[in-house]
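So the sequence shown is numbered by the numbering used here: it starts at 82 and just counts up by one. In this text, a Cβ means the ideal position worked out from N, Cα and C, and glycines have one as well.
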Amino acid sequence: MEAKLYVGNLPFNTNDADLQDLFAQAGVVKSAQVIKDRASGRSKGFGFVEMGSPEEAQGAISMFHGKDFNGRALTVNIARPREERPGGFRGGDRNRERRRDY
């Protein structure tokens, strides 16, 4: 089992230190990061916490999943690896603009 957790439904004013302080109640926190929008710098409302061990991660899930944090019920689970997104063109059929119907 992994020790990295996904933490969702965070209040938008939560910062990395807040997340670290909260999860320290469940054990050793190796890292805590609130994900921010690149353009605006505002929180996206979720983050990741890496606990010291898989056992501490499981304890943190039990302790915080569904619990109220500053008015919001947290979602806490094992972080999944980031899915590969297909590259290339965005949108519909780009050839449609170039196609001529005779």
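Using the Cβ count rule (16 or more neighbours within 10 Å means buried), how would you classify residue i?
i	result
VAL157	buried
GLU137	buried
VAL109	exposed
GLY133	exposed
GLY147	exposed
ALA107	buried
Which residues in the same chain as residue i place their Cβ atom closer than 7 Å to its Cβ, once the five residues preceding and following it in sequence are excluded?
i	result
PHE93	ARG123, SER124, GLY126
ASP97	ALA113, GLN114, VAL115
Quick one, which of the options has its alpha-carbon nearest residue i's?
i	options	result
ARG153	ALA84, LYS85, TYR87, THR95	THR95
TYR87	ALA120, PHE145, GLN106	PHE145
At which residues does the alpha helix (DSSP H) containing residue i begin and terminate?
i	result
PRO134	The identity of residue 134 in the sequence shown is Ser, whereas the question assumes Pro. No alpha helix (DSSP H) contains SER134, which DSSP labels as neither H nor E.
Within the region 85-125, ranges of the beta strand (DSSP E) (whole runs, at least 3 residues): 85-89, 110-117
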